[in-house]
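In this note's numbering, each residue's number is its place in the sequence shown (first place is 1) plus 26.
Written below as structure tokens is the structure these notes are about.
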Amino acid sequence: MLYRYGITKADKIVVQTRKQQHLLQTEFGQASKVIPMPCQGVDSLHYNRATNRRNGDPLKVLWIGRFANQKRLEWLLDLAAICPEVQFNVLGGANTETNYSSMLKFRAESLSNVTLHGRVKHSEISKFYQTSDILCCTSTHEGFPNVFLEAWSLGIPIVTTFDPDDVVKTYGIGIVASNVDELKCGIFSLSKIELWEQASMAAKKYFEQFHRVESSMKLFSEEIRELMDEKPKVQ
27 MLYRYGITKA
37 DKIVVQTRKQ
47 QHLLQTEFGQ
57 ASKVIPMPCQ
67 GVDSLHYNRA
77 TNRRNGDPLK
87 VLWIGRFANQ
97 KRLEWLLDLA
107 AICPEVQFNV
117 LGGANTETNY
127 SSMLKFRAES
137 LSNVTLHGRV
147 KHSEISKFYQ
157 TSDILCCTST
167 HEGFPNVFLE
177 AWSLGIPIVT
187 TFDPDDVVKT
197 YGIGIVASNV
207 DELKCGIFSL
217 SKIELWEQAS
227 MAAKKYFEQF
237 HRVESSMKLF
247 SEEIRELMDE
257 KPKVQ
């Protein structure tokens, strides 16, 4: 009820994606403005994965999320089972332990190329990005995940089953998949240094252009200024 009240009484609504914009219009009859969300990003000073890979370091894939049906961690575990040469680091856990989450942990622990790190403080996640080549998302749906933005700030491409507003496909900042076999193909493609470097450069360029704090907050400031100009001045 509070959500509906807030939406219908707001003077201006900002959303992250065109899909959210469409849902607001169709469900509530409310117009909104799409503005890329700002993100501080991750310190890229010591990110040298291309060099490390050329020196023989194995491909490392990062997965971050809750152990929930929507996130489909089992797809990543299927992927790990058919890609034994790739290392997979899993960050996260279940909000509440269930048979499903217990099954995921049991299965993950049986795979030698999967490491479960459990819940990790946000301040400590940076070190996992620093040692990853690819971020993998296996979700059925998302909003616009911060982990995407943090990965792109370093130039880490993603292999994902969810593509917000088709930005991954449009800007070449990773590979979109719809099943485990396509995830495998995406991982294999980005295991090639030249293709990885192209996607990495595109990811960083996309982040700098749309999501760096300075770029995004300028758009927010313009919206607020426009709103203030529209509001009648109190006498």
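For glycine and all other residues, C-beta sits at the position ideal for the given N, C-alpha and C.
How many angstroms separate the CA atom of residue i from the CA atom of residue j?
{"i": "residue 52", "j": "residue 209", "result": "33 Å"}
{"i": "residue 114", "j": "residue 139", "result": "6 Å"}
{"i": "residue 122", "j": "residue 103", "result": "20 Å"}
{"i": "residue 65", "j": "residue 220", "result": "27 Å"}
{"i": "residue 265", "j": "residue 127", "result": "No answer is possible for residue 265: the residues shown for the chain start at 27 and end at 261."}
{"i": "residue 134", "j": "residue 93", "result": "12 Å"}
{"i": "residue 91", "j": "residue 30", "result": "28 Å"}
{"i": "residue 109", "j": "residue 137", "result": "11 Å"}
{"i": "residue 238", "j": "residue 74", "result": "21 Å"}
{"i": "residue 146", "j": "residue 246", "result": "31 Å"}
{"i": "residue 79", "j": "residue 43", "result": "34 Å"}
{"i": "residue 81", "j": "residue 111", "result": "16 Å"}
{"i": "residue 33", "j": "residue 54", "result": "8 Å"}
{"i": "residue 204", "j": "residue 107", "result": "18 Å"}
{"i": "residue 23", "j": "residue 150", "result": "No information on residue 23 is available, as it lies outside the stretch 27 to 261 that the chain covers here."}
{"i": "residue 166", "j": "residue 61", "result": "23 Å"}
{"i": "residue 124", "j": "residue 256", "result": "51 Å"}
In the structure shown, what three-state DSSP assignment does residue i receive?
{"i": "residue 147", "result": "coil"}
{"i": "residue 56", "result": "coil"}
{"i": "residue 30", "result": "helix"}
{"i": "residue 118", "result": "coil"}
{"i": "residue 40", "result": "strand"}
{"i": "residue 108", "result": "helix"}
{"i": "residue 140", "result": "strand"}
{"i": "residue 87", "result": "strand"}
{"i": "residue 46", "result": "helix"}
{"i": "residue 219", "result": "helix"}
{"i": "residue 68", "result": "coil"}
{"i": "residue 133", "result": "helix"}
{"i": "residue 196", "result": "helix"}
Buried or exposed for residue i, please, with buried defined as at least 16 other CB atoms from any protein chain shown within 10 angstroms of its CB.
{"i": "residue 141", "result": "exposed"}
{"i": "residue 158", "result": "buried"}
{"i": "residue 97", "result": "buried"}
{"i": "residue 181", "result": "buried"}
{"i": "residue 232", "result": "buried"}
{"i": "residue 173", "result": "buried"}
{"i": "residue 229", "result": "buried"}
{"i": "residue 177", "result": "buried"}
{"i": "residue 236", "result": "buried"}
Should residue i and residue j be called a contact, given that it needs their Cβ atoms to be closer than 8 Å?
{"i": "residue 50", "j": "residue 40", "result": "no"}
{"i": "residue 189", "j": "residue 206", "result": "no"}
{"i": "residue 187", "j": "residue 211", "result": "no"}
{"i": "residue 179", "j": "residue 67", "result": "yes"}
{"i": "residue 156", "j": "residue 48", "result": "no"}
{"i": "residue 143", "j": "residue 105", "result": "no"}
{"i": "residue 249", "j": "residue 59", "result": "yes"}
{"i": "residue 63", "j": "residue 214", "result": "no"}
{"i": "residue 130", "j": "residue 161", "result": "no"}
{"i": "residue 76", "j": "residue 234", "result": "no"}
{"i": "residue 69", "j": "residue 152", "result": "yes"}
Could you give the C-beta distance for residue i and residue j, rounded to a whole number, given that I count them as a contact under 8 Å?
{"i": "residue 154", "j": "residue 253", "result": "Incorrect: roughly 39 Å between the Cβ atoms, too far for contact."}
{"i": "residue 85", "j": "residue 217", "result": "5 Å"}
{"i": "residue 191", "j": "residue 45", "result": "7 Å"}
{"i": "residue 184", "j": "residue 198", "result": "About 11 Å separates the two Cβ atoms, so there is no contact after all."}
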